[in-house]
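Undergrad: Per full-length UniProt numbering, the sequence shown runs over residues 1 to 436. Dumping the structure here so I can ask a few things about it.
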Amino acid sequence: MNKLAIHGGEPSIKTEPKELFLWPIITEEDEKAVLDVLHARTMSGTEITKQFEREMAAWLGVDYALGYCNGTAALLGAMYAAGIGAGDEIICPSMTYWASAAPALSLGAAVNFAEIEEESLCIDPDDIEHRIGPRTKAIMVVHYAAHPCDMDRILPIARKHGLVVIEDASHAQGSKYKGRACGALGDISVMSLMTAKAFAIGEAGMLFTNNRSMFERAISFGFYERTGSASEFFSKDNQLTDPELMKFAGVPVGGYKHRMHQMSSAVGRVQLKHYDRRIAEIDKAMRYFWDCLADLPHLSPHICDYSPDAQGRASSMGGWYYAQGRFDHRAYPGGSLAKLCEALRAEGVSVCSTIKNGPLHLHPVFNELDLFRLGKPSMIAFAERDLRQARGSLPHAESVAEYSFSVPWFKHFDKPAIELYAEAFGKVFSQIDRLL
Ligand SMILES: *Cc1c(COP(=O)(O)O)cnc(C)c1O
1 MNKLAIHGGE
11 PSIKTEPKEL
21 FLWPIITEED
31 EKAVLDVLHA
41 RTMSGTEITK
51 QFEREMAAWL
61 GVDYALGYCN
71 GTAALLGAMY
81 AAGIGAGDEI
91 ICPSMTYWAS
101 AAPALSLGAA
111 VNFAEIEEES
121 LCIDPDDIEH
131 RIGPRTKAIM
141 VVHYAAHPCD
151 MDRILPIARK
161 HGLVVIEDAS
171 HAQGSKYKGR
181 ACGALGDISV
191 MSLMTAKAFA
201 IGEAGMLFTN
211 NRSMFERAIS
221 FGFYERTGSA
231 SEFFSKDNQL
241 TDPELMKFAG
251 VPVGGYKHRM
261 HQMSSAVGRV
271 QLKHYDRRIA
281 EIDKAMRYFW
291 DCLADLPHLS
301 PHICDYSPDA
311 QGRASSMGGW
321 YYAQGRFDHR
331 AYPGGSLAKL
341 CEALRAEGVS
351 VCSTIKNGPL
361 HLHPVFNELD
371 LFRLGKPSMI
381 AFAERDLRQA
391 RGSLPHAESV
401 AEYSFSVPWF
411 KHFDKPAIEL
421 YAEAFGKVFS
431 QIDRLL
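Encoded structure:
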């Protein structure tokens, strides 16, 4: 048997084909777009950003889009737009990047962390309803690692209790839930567009909604230059309709400046033109990779398998952001996945490591931080109940690093190279008993 590299054998991959993973794809078209902004001295302007917003709204199929300096700021803006304030609560999966939840604290709200599903890595629809209380305002769903959340089960719960559904679609640009675009499924949504994401244009984020009053609130919170002036989305009146917001025109009510840098929006306009085609190639490459691994023991793909809707429209993983594999940790308990990743890295698969996000309900920020200097943790500062949860309360979120790990995220359908990676996986997983 082929000796594992971690045990001194020859590594399967001697030199990693870097161009297979290079992302985003940058051409002269992107370079020219950036240089045009520089030469026009319009880095802080809004014209290009507004064009980008129009194009992104059309691409996603929503009425309004608003460009932000980053995804975190867009999430804060979305929470304010959703009406979240001091003493309110949001429900959010515990296993996600912190920005899905942490901005709620700065609005004086608390986070009720929910469990994730092992298969999807998304919020467990069965762990939502019992968390709803009189002050619950919103459910934050995160389409984790490009996997759409089960919206047909989540949306009725939100409707029944009058909650806003905020989608954090930062991992899911191009993902589809039963034929419908992630980011256009709830009441308001956010995408980070930072450089490491699937839709990658630099520090940038975008907010989307069909709800005009939420859109206006987001504008008033962080876009002083747009409150009281023309919006390309308001064809008739060109103004915010809410007189309460117009009263504050000229100064953003949150005290924030959320505008997108135009070198980012200029790149965004170019990237959007090519995005669907480029992620279609990622999809083809990732599916081929997982097909090659179909027979390996204790390993399965993180991939959506919702049944199609009545019209036969299927779900998809968009750009496969942060592609994950699932390890059957019940067969090998006790931190075995970290060892497996080490063995894969020794074979030359440098990307393999256990998941780094969450569990947020155990983090000191959501337990001890006194942001407002009120002499008590912000999670309970304005709250009617204490939502903090101890270790052991959300076992799937807490043990995610035992069963989920990053796998190569192929950007091109290079068959021989993908097969080489599949061989490295085969070598390690076929000798799993010897390794663990
Ligand atoms: C990256 C990310 C964000 C934050 O976006 P930034 O642009 O980095 O501020 C929010 N939510 C999730 C799930 C993310 O992965």
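Glycine is no exception: its CB is placed at the ideal position from the N, C-alpha and C atoms.
#1: According to DSSP, is proline 255 helix, strand or coil?
#2: Under 8 angstroms, with one C-beta from each stretch per pair, do the segment 390-400 and the segment 353-364 reach the 3-pair mark?
#3: Are leucine 193 and glycine 174 close, meaning C-beta to C-beta below 8 angstroms?
#4: Going by DSSP, name the residue or residues bridged to cysteine 92.
#5: Is the CB-CB distance between cysteine 137 and valine 165 below 8 angstroms?
#6: Is the closest heavy atom of ligand 1 to the C-beta of threonine 96 under 7 angstroms?
#7: Alpha carbon to alpha carbon, how far is glutamate 225 from glycine 71?
#8: Hey, out of Ile84, Pro103 and Phe113, whose CA is closest to cysteine 92's CA?
#9: Taking 8 angstroms as the cut-off, decide whether the C-beta atoms of methionine 79 and proline 103 are in contact.
#10: Exposed or buried, which one is asparagine 2 when buried takes at least 16 other CB atoms within 10 Å?
#11: With a 10 Å radius around its C-beta and 16 neighbouring C-beta atoms as the bar for buried, classify glycine 392 as buried or exposed.
#12: In its own chain, which residues sit with a C-beta less than 6 angstroms from the C-beta of proline 125, not counting the 5 before and 5 after it?
#13: Less than 6 angstroms between C-beta atoms, sequence neighbours within five positions excluded: which residues of the same chain meet that for valine 62?
#14: Work out the CA separation of serine 106 and isoleucine 282 for me, nearest whole Å.
#15: With 16 other CB atoms within 10 Å as the buried threshold, where does aspartate 291 fall?
#16: Return the first residue and the last residue of the alpha helix (DSSP H) that tyrosine 275 is part of.
#17: If you drop the 5 nearest sequence neighbours on each side, which residues of the same chain put their C-beta closer than 8 angstroms to that of aspartate 36?
#18: Judging by CA-CA distance, which residue of Ile132, Ser120 and His7 is the nearest neighbour of valine 142?
#19: State the DSSP-derived secondary structure class of alanine 65, mapped to helix, strand or coil.
#20: My parser needs the beta strand (DSSP E) runs of 3 or more residues fully inside the segment 166-210; what are they?
#21: Can you tell me whether DSSP reads proline 333 as helix, strand or coil?
#22: With a threshold of 6 angstroms on Cβ separation, who are the neighbours of phenylalanine 382 within its own chain once the five nearest residues in sequence on each side are excluded?
#23: Buried or exposed, going by whether 16 or more other CB atoms sit within 10 Å of the CB of serine 264?
#24: Going by DSSP, which residues form a beta bridge with isoleucine 139?
#25: Let me check you understand the geometry: is the CB of histidine 258 closer than 7 angstroms to at least one non-hydrogen atom of ligand 1?
#26: Under 7 angstroms: does the beta carbon of glycine 71 sit that close to some heavy atom of ligand 1?
#27: Let me know the secondary structure DSSP gives threonine 27 once reduced to three states.
#28: Excluding the 5 residues preceding and the 5 following phenylalanine 289 in the sequence, name in chain order all residues of the same chain whose CB lies nearer than 8 angstroms to its CB.
#29: DSSP three-state call for methionine 317: helix, strand or coil?
#30: Starting from isoleucine 123, follow its DSSP beta bridges and name the residues at the other end.
#31: Taking just the CA atoms, how far does tyrosine 177 sit from phenylalanine 223?
#32: Find out if the Cβ-Cβ distance for the pair phenylalanine 405, serine 336 is shorter than 8 angstroms.
#33: Hey, how far is the Cα of isoleucine 90 from the Cα of isoleucine 380?
#34: Return yes when at least one heavy atom of ligand 1 lies under 7 angstroms from the C-beta of glycine 205, else no.
#35: Using alpha carbons as the reference points, say which of Gly8, His274 and Glu129 lies closest to glycine 319.
#36: Quick one: give me the first and last residue of the beta strand (DSSP E) that glutamine 324 is part of.
TA: Considering the structure as presented:
#1: Note that residue 255 corresponds to glycine in the displayed sequence, not to proline. Of the three classes helix, strand and coil, the one that applies to glycine 255 here is coil, per DSSP.
#2: yes
#3: no
#4: Phe113
#5: The question names cysteine, but residue 137 in the sequence shown is lysine. It is not a contact, given that the beta carbons lie outside the stated cut-off.
#6: yes
#7: 20 angstroms
#8: Phe113
#9: yes
#10: exposed
#11: exposed
#12: Asp150, Arg153 and Ile154
#13: Ala184, Phe208 and Asn210
#14: 37 angstroms
#15: exposed
#16: 262-292
#17: Ala266
#18: Ser120
#19: strand
#20: 175-177, 188-192 and 205-209
#21: coil
#22: Ala86, Gly87 and Gly108
#23: buried
#24: Ile91 and Val165
#25: no
#26: yes
#27: coil
#28: Val407, Pro408, Phe410, Ile418, Tyr421 and Ala422
#29: strand
#30: Ile116
#31: 31 angstroms
#32: no
#33: 13 angstroms
#34: yes
#35: His274
#36: 324-327
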